[in-house]
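All you need for my numbering is the position in the sequence shown, starting with 1, plus 16.
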Amino acid sequence: MVNGLSVDVEDWFQVGAFEKVIARGDWDDLALRVEDNVLRILDLFAEAEVKATFFTLGWVAERNGALMRRIVDAGHELASHGYDHARVFTFDRKQFADDIRRARETLEDAGGVAVTGYRAPSFSIDQRTPWAYLELAEQGYAYSSSVAPIVHDHYGWREAPRFAFHPLAGADLVEIPVTTATFAGKRLAAGGGGFFRVLPYAFSRWAIRQVNRRDGRPAVFYFHPWEIDPDQPRVPGAPLKSRLRHYTNLERMAPKLRDLVREFAWGRMDEIAQREAARVVPLAA
């Protein structure tokens with residue numbers, strides 16, 4: 017079973033946890049660490065001989081054009097993470113349309129390839145944004161991986177299907193939710209990020225095996241470049257909960273990732289979308 021491996025390319029200061037203490041207008045005055053971290057990830061993937069999808073902010077692509085080409089030249093997929101990490105439910109439809117168009121044009125100019133995949137910042141497509149899929153389809157995206165079908169204090173659409181579905185009747189657009197496992201009738205977040213850093217590696221192994229073997233579906237895993245960077249700056253004034261989420265186990269992340277990419281088979285999200293398209297169900301089902 018080939019699983020979907022993805023990297024949400026944003027820098028340490030662009031995360032949702034710090035959005036109330038670091039202003040977007042200050043971003044250009046902060047130390048940029050994303051390039052070095054992505055290069056480390058490219059080396060890690062090359063060692064394991066795996067390919068992945070890099071869901072990248074347009075803001076990052078504007079400032080790191082050569083890095084975008086390095087990603088593409090290594091055989092990975094370049095996809096959109098929006099322009100500057102604003103959550104989808106903070107937009108109206110026109111604002112969202114402008115955001116994903118700007119991000120896509122920036123990424124395609126930088127990487128020299130067509131961009132057909134999208135992941136919403138903080139998995140922020142949910143029941144509040146019924147127009148988001150309409151806009152993605154109209155702009156020609158092939159797939160989205162923007163839903164976390166769980167309950168979470170920052171995001172989540174618990175009523176959404178666990179596996180790939182067609183969000184729009186009569187459209188080819190495929191939504192591929194991030195992975196959840198089930199235990200005692202409840203869904204558990206198991207697709208990476210902070211959950212992967214904080215929980216024992218054995219949990220992720222169990223969850224991916226459950227999805228592959230019992231459900232017969234590919235897992236979808238994600239992480240961020242800043243998660244392999246224990247030396248990144250600390251943000252003064254950030255809430256304790258945000259600091260705990262962001263900084264816990266950073267030093268353990270890279271070794272755990274090496275174990276993960278070697279233990280399971282991984283591929284690009286556009287390839288997963290093509291395979292899943294043959295058996296997806298409509299959202300209403």
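Even glycine gets a Cβ: it sits at the ideal position worked out from N, Cα and C. Quick caveat: nothing in here was measured; it's all calculated off a predicted structure.
Considering only C-alpha positions, which residue in the set 110, 70, 106 and 33 is nearest to residue 97? 70
Looking only at C-alpha atoms, which of 132, 59 and 126 sits nearest to residue 156? Looking from the CA of residue 156, the closest CA among 132, 59 and 126 belongs to 132.
3 or more residues per run - each beta strand (DSSP E) lying fully within the stretch 198-236: Counting only runs of 3 or more, we get 202-205.
Where residue 240 and residue 172 are concerned, what is the direct C-alpha to C-alpha distance, given to the nearest angstrom? 19 Å
In terms of residue numbering, what span does the alpha helix (DSSP H) encompassing residue 94 cover? Careful: residue 94 lies outside any alpha helix (DSSP H), inside the beta strand (DSSP E) at 93-96.
Using a Cβ distance threshold of 8 Å, determine whether the stretch 79-91 contacts the stretch 43-54, with at least three qualifying pairs required. yes
Distance, residue 246 Cα to residue 301 Cα: Because the pLDDT of residue 301 is 45, which lies under 50, any placement of that residue in the model is unreliable, and the number read from its coordinates should be weighed accordingly. Going from the Cα of residue 301 to the Cα of residue 246 covers about 44 Å.
Extent of the continuous alpha helix (DSSP H) to which residue 61 belongs: 50-64
Residue interval of the beta strand (DSSP E) (run including residue 21): 18-25
Reduced DSSP category for residue 176 - H, G, I as helix; E, B as strand; rest coil: coil
Could you give the first and the last residue of the continuous beta strand (DSSP E) run that contains residue 283? 281-283
Using C-beta distances below 7 Å, list every residue in its chain close to residue 226, excluding the 5 sequence neighbours before and after it, in chain order. 197
Per DSSP, which one or two residues make a beta bridge with residue 191? 160 and 181
Which full runs of the beta strand (DSSP E) of 3+ residues lie inside the stretch 233-293, going along the chain? 236-239 and 281-283
From the DSSP secondary-structure annotation, give me the bridge partner or partners of residue 133. Per the DSSP secondary-structure output, residue 133 pairs in a beta bridge with 159.
When you compare each of 151, 204, 232 and 230 to residue 219 by their alpha carbons, which one comes out closest? 204
Roughly how many angstroms lie between the CA atoms of residue 77 and residue 40, to the nearest whole one? 16 Å
Tell me, which residues are paired with residue 297 by DSSP? 181
Three-state secondary structure (DSSP) of residue 34: helix
Can you tell me where the alpha helix (DSSP H) holding residue 112 begins and where it ends? 109-127
Between 235, 192 and 27, which lies nearest to residue 243 when the distance is taken from Cα to Cα? It is 27.
Of the residues 110, 113, 122 and 56, the one placed nearest residue 90, counting alpha carbons only: 56
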